Structure formats: C-alpha cells, structure tokens
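Novice: Protein chains in written order, with this note's numbering: chain A, 8 to 217; chain B, 8 to 217.
Structure incoming, see below.
2 protein chains.
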Amino acid sequence: MPIEIPDVVIDRLPLYYRLLSRLDSEGRSVVSSQELGEELGVTPAQIRKDLSYFGRFGKQGRGYSVPRLLDELKAILGLDGRWKVVVIGIGRLGRAIASYPGFEGQGFDIIALYDASSGLVGTEIEGQRVKDVATLEADLKKTAVDIGIVAVPGEHAQDVVDTLVDAGVHAILNYTPNRVQTPPNVEVRHINPVLFLQSMTYHLKQRRGG
Amino acid sequence: MPIEIPDVVIDRLPLYYRLLSRLDSEGRSVVSSQELGEELGVTPAQIRKDLSYFGRFGKQGRGYSVPRLLDELKAILGLDGRWKVVVIGIGRLGRAIASYPGFEGQGFDIIALYDASSGLVGTEIEGQRVKDVATLEADLKKTAVDIGIVAVPGEHAQDVVDTLVDAGVHAILNYTPNRVQTPPNVEVRHINPVLFLQSMTYHLKQRRGG
Numbered sequence: 008m009p010i011e012i013p014d015v016v017i018d019r020l021p022l023y024y025r026l027l028s029r030l031d032s033e034g035r036s037v038v039s040s041q042e043l044g045e046e047l048g049v050t051p052a053q054i055r056k057d058l059s060y061f062g063r064f065g066k067q068g069r070g071y072s073v074p075r076l077l078d079e080l081k082a083i084l085g086l087d088g089r090w091k092v093v094v095i096g097i098g099r100l101g102r103a104i105a106s107y108p109g110f111e112g113q114g115f116d117i118i119a120l121y122d123a124s125s126g127l128v129g130t131e132i133e134g135q136r137v138k139d140v141a142t143l144e145a146d147l148k149k150t151a152v153d154i155g156i157v158a159v160p161g162e163h164a165q166d167v168v169d170t171l172v173d174a175g176v177h178a179i180l181n182y183t184p185n186r187v188q189t190p191p192n193v194e195v196r197h198i199n200p201v202l203f204l205q206s207m208t209y210h211l212k213q214r215r216g217g
Numbered sequence: 008m009p010i011e012i013p014d015v016v017i018d019r020l021p022l023y024y025r026l027l028s029r030l031d032s033e034g035r036s037v038v039s040s041q042e043l044g045e046e047l048g049v050t051p052a053q054i055r056k057d058l059s060y061f062g063r064f065g066k067q068g069r070g071y072s073v074p075r076l077l078d079e080l081k082a083i084l085g086l087d088g089r090w091k092v093v094v095i096g097i098g099r100l101g102r103a104i105a106s107y108p109g110f111e112g113q114g115f116d117i118i119a120l121y122d123a124s125s126g127l128v129g130t131e132i133e134g135q136r137v138k139d140v141a142t143l144e145a146d147l148k149k150t151a152v153d154i155g156i157v158a159v160p161g162e163h164a165q166d167v168v169d170t171l172v173d174a175g176v177h178a179i180l181n182y183t184p185n186r187v188q189t190p191p192n193v194e195v196r197h198i199n200p201v202l203f204l205q206s207m208t209y210h211l212k213q214r215r216g217g
C-alpha cells in the first residue's frame, strides 16, 4: 500500500465507509462511481481517483463490489480493530459527546471519563464513574490509550493535551475553542463551530452578491 | 476575484484568519509564509498557493502585511458582515453549542433557540427564551435566517433541515449522527465525532504497523 495518501483523501474515506455500510445493509452488491459520487457530492472521477490509491477495486463498466470495498476500507481505516478512548471534560459538551451514539459500534471504546470539578468526580455518567483529571497521568501509565477527546474549558486545553501526548496518546479530538500545539507525529482534529460557520459564510457572501 | 476556489482552500481560510487575528492583536505587522506554515502545520509553498487565489498580498522576501491580509480575509470570508443563526435542538449538545464562546465576536448572532420538548420550550437559556420548533417555519417566513445549527435527535434531522431549506436557509451545520440531503445550492457541514475519529485511526493503524 502506498504510504503517501493525501490527508484530504483520508478524510473522505469515513464517508465512503458509512455510505457503503448503508448500501451493504440494504443488500446491495455492486455500486458505480457515478452513484457513489451523487450520494457524496463529489464527481465520479474524484471517487475513482480516491479509491485508486488503495488498489483496483472496480471493474471497468461493472462498478465496485460493495462488500469487498467495505472490507478493504475497514482494514485501511483500522476499523477492524478496537481503539481505547478517554474523554476529558464532562461539562455539557463532554457529556453530549460521551452519550453520542455509534462509538462502540464503530470500534471506539470510551474507557474513562475525567473532570476537574469536585461536583462531578465520582458521579456516574453513561454507566461510568467520572474520574479526577489529577489521576489522568498515572492512569495513562497503567493503561495505554489511543485517542483523547478534549472538552475542557479552552484555557486548560494545552495542559490536558500535553499530559496525553507525554503519555503516548497519538490522536486528539479537540472540542475546545483553543488551538493546541502537538508534535508532528500526533494527529489532531479541531471541532470548533465558529470555524465551520466561517467556512460557509464565504459561500453565503457569494450568494449575497459579494 | 476568481470564483472557482477549491473548497479545501476555503476551509483553510478561517485558520489563516484566526492566526492573523492573534498576530495582529500582538502588534505584529509582517509575517512570512514560513511562519504561517509552521503555525498551521502546512508547507510555506501551500500557504503561498492558497493566498495567491485572492491576489498578490506578499512581496517577495518581505512577507505578508498582517493587517492588510487580515482585512482581505475578513472581506473574502464575509466576516465583515453579520449573520443570523438559529439553533434547533436544545439538549445537552445544543446548549453546549449555544453557550460556545466566540459566535457574537465573529459576526454570528444566535437569534433564536428551538426545541420540541414541552419541558424546555419557554425556559430561558443563554438569555433567550426557547421557542417551540413547531413555530420554526412561520418564524422563518417573518425573519430571514442565514444559518441553521441542527442538534436534534438524528431521526428528526432531515425534517428540520427540510424546513430550513424550504424557508431559504442556505447554510446548515449538522451535529446529528444522520447525514442529511440538501439541494446543491445549500452548504452543509457535518460534525460527527465518529467520522473525525475514523479519519485518525488510519494514521494510528500505520503506527501500529497495520
């Protein structure tokens, strides 16, 4: 498998995976790049190019085998394994994240919730006792964790991320408004609604007539 | 201004904007593509290419003028205007979104909150009375809205989005786990933590030696 796959392609693969899961559950065995493109809002040429990074799945004029492509994507994305996840910051947002449907079914096991508030530590949320964030560092030494989801107040984001990274966590999903610094070998995704809105106003402004 | 700017470039502009805002507030007048690249984790060549879509801001070897680039980005992204936003679904997630810092300062006015639950309708959240989602359609006829943020249970997502789109809302930020269908002239961003995690497991798997 080639190593240098563009990040924009990697970021689209979960969408392919989800669409193919749906088609598979509907009993479909074959799908065309045309149909995939229509469903995902990209051109069929882009679909063929994206999937070509991972070898030749499709037969000219025959479309892609749904179960085969699904299996391949599952393996490529690492969704045939299980991943240990911790959530730090169990305010409204953290609680909403912890109760989000679909983590477990997709191989993500939320193994611990952390907070700094004495009012929350020790309470039970989503069937888990909330742990004191002060124990995070020691806990990570005992149990290796793959992914940290950070939903603390922005001013604590960097501290929490540093603790995670120092303990060998290589993937961070940052829900705080603050951007965090990490070494180049750590994957970070920032979920900030303001940035998503700003990426849409460009198009709204075009519509308003510049 | 050229119209056909790739979406991946548009999606990066808010990051440039935020970084330049910080540099500007620190009193910096000039910045190099090298420094922008280091801060944002992209190559200087990519920075120069991205910004070249919007004309020539930088002087060879002199770097970019921070205030000038900031003003241009503000205008390009439509952040010199104000945008009306409604949030539909005021459960934990919706409440967390409604209380997210930074909307107002960036030109986004949350003008109304909606929910279907009789226990929530009429209560006050973030200084606003929660309205009954049953009045959404009529309200949108009276007051034009630019952006809808949808945080309802997944099974209601498409209905709410249809109501918004039918009333002329052209930008949707979808926090539900369900993907929604919209006409091509509507901008949609999906914020689904599972998809973000899946885009990182590819890299984690490479690391595991998969």
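Ideal Cβ placement from N, Cα and C applies to all residues, glycine included.
Predicted model only: the values in this text are computed from it and were never measured.
(1) Could you give the DSSP three-state label for A:M8: helix, strand or coil?
(2) Kindly indicate the opening and closing residues of the beta strand (DSSP E) around A:D87.
(3) Going straight from the alpha carbon of A:R136 to that of A:V94, what length do you get?
(4) Does any residue of chain A bring its CB to less than 7 Å from the CB of B:Q135?
(5) Do A:G161 and A:S183 count as a contact pair if the criterion is CB distance below 7 Å?
(6) Exposed or buried, which one is B:T208 when buried takes at least 16 other CB atoms within 10 Å?
(7) I want to verify the contact list: residues of chain B whose CB lies under 7 Å from the CB of A:I17, in sequence order.
(8) Taking A:R218 and A:D116 to be in contact with their CB atoms under 8 Å, please state how far apart those CB atoms are, rounded to whole angstroms.
(9) Is the CB of B:R102 under 7 Å away from at least one CB in chain E?
(10) Given a threshold of 16 other Cβ atoms within 10 Å of its Cβ, counted over all protein chains shown, does B:N192 qualify as buried or as exposed?
(11) Taking its Cβ as the centre, do 16 or more other Cβ atoms sit within 10 Å of B:P200, making it buried, or is it exposed?
(12) Taking Cβ-Cβ distances shorter than 7 Å, what residues in chain B pair up with A:R214?
(13) Spatial neighbours of B:T170 within its chain, please: C-beta separation below 7 Å, excluding the five flanking residues on both sides.
(14) B:P21: buried (16+ other C-beta within 10 angstroms of its C-beta) or exposed?
(15) Is the CB-CB distance between A:R196 and A:L211 below 7 Å?
(16) Find out if the Cβ-Cβ distance for the pair A:S174, A:E194 is shorter than 7 Å.
(17) Residues of chain B with a CB under 7 Å from the CB of A:G85: which are they?
(18) Take A:Q113 and list the residues in its own chain whose beta-carbon comes closer than 7 Å to its own, dropping the five residues that flank it on each side.
(19) Look up B:F61 in the DSSP assignment and say whether it is helix, strand or coil.
(20) Can you grab the Cα-Cα spacing for the pair A:R215 / B:L80, in whole Å?
(21) On the DSSP letters alone, give me the boundaries of the beta strand (DSSP E) that A:L180 sits inside.
Specialist: With the given structure in hand:
(1) Unreliable positioning characterises A:M8 in this predicted model, as indicated by a pLDDT of 44, which lies under 50. A coordinate reading is not provided.
(2) Secondary structure note for A:D87: it is in no beta strand (DSSP E), with a DSSP letter that is neither H nor E.
(3) In a straight line, the C-alpha of A:R136 is about 12 Å away from that of A:V94.
(4) Judged by the 7 Å Cβ criterion, B:Q135 is not in contact with chain A.
(5) Per the sequence presented here, residue 183 of chain A reads as Thr, with Ser not at that position. With respect to A:G161, A:T183 sits close: the two C-beta atoms are nearer than 7 Å.
(6) Under this definition B:T208 is a buried residue.
(7) Residues of chain B passing the Cβ test: S206 and Y209.
(8) This structure cannot settle anything about residue 218 of chain A, because the visible part of chain A is limited to 8 through 217.
(9) Included in the structure are the protein chains A and B, with no chain E among them.
(10) B:N192 is exposed by the Cβ-count criterion.
(11) In this structure B:P200 is buried. Its beta-carbon is surrounded by 16 or more other beta-carbon atoms within 10 angstroms.
(12) Chain-ordered, the chain B residues with CB closer than 7 Å to the CB of A:R214 read H177.
(13) Hits under 7 Å: L143 and E144.
(14) By the Cβ-count criterion, B:P21 is buried, with 16 or more other Cβ atoms from all chains shown falling within 10 Å of its own Cβ.
(15) For the pair A:R196 and A:L211, the CB atoms are not nearer than the 7 Å cut-off.
(16) The residue asked about is misnamed: residue 174 of chain A is Ala in this sequence, not Ser. When the beta-carbon positions are compared, A:A174 and A:E194 stay at least 7 Å from each other.
(17) Correct list: T208, Y209, L211, K212 and G217.
(18) So the qualifying residues of the chain are L86.
(19) DSSP places B:F61 outside both helix and strand once states are collapsed to three, so it counts as coil.
(20) Each residue's alpha carbon lies about 17 Å from the other.
(21) For A:L180, the enclosing beta strand (DSSP E) begins and ends at A178 to N181.
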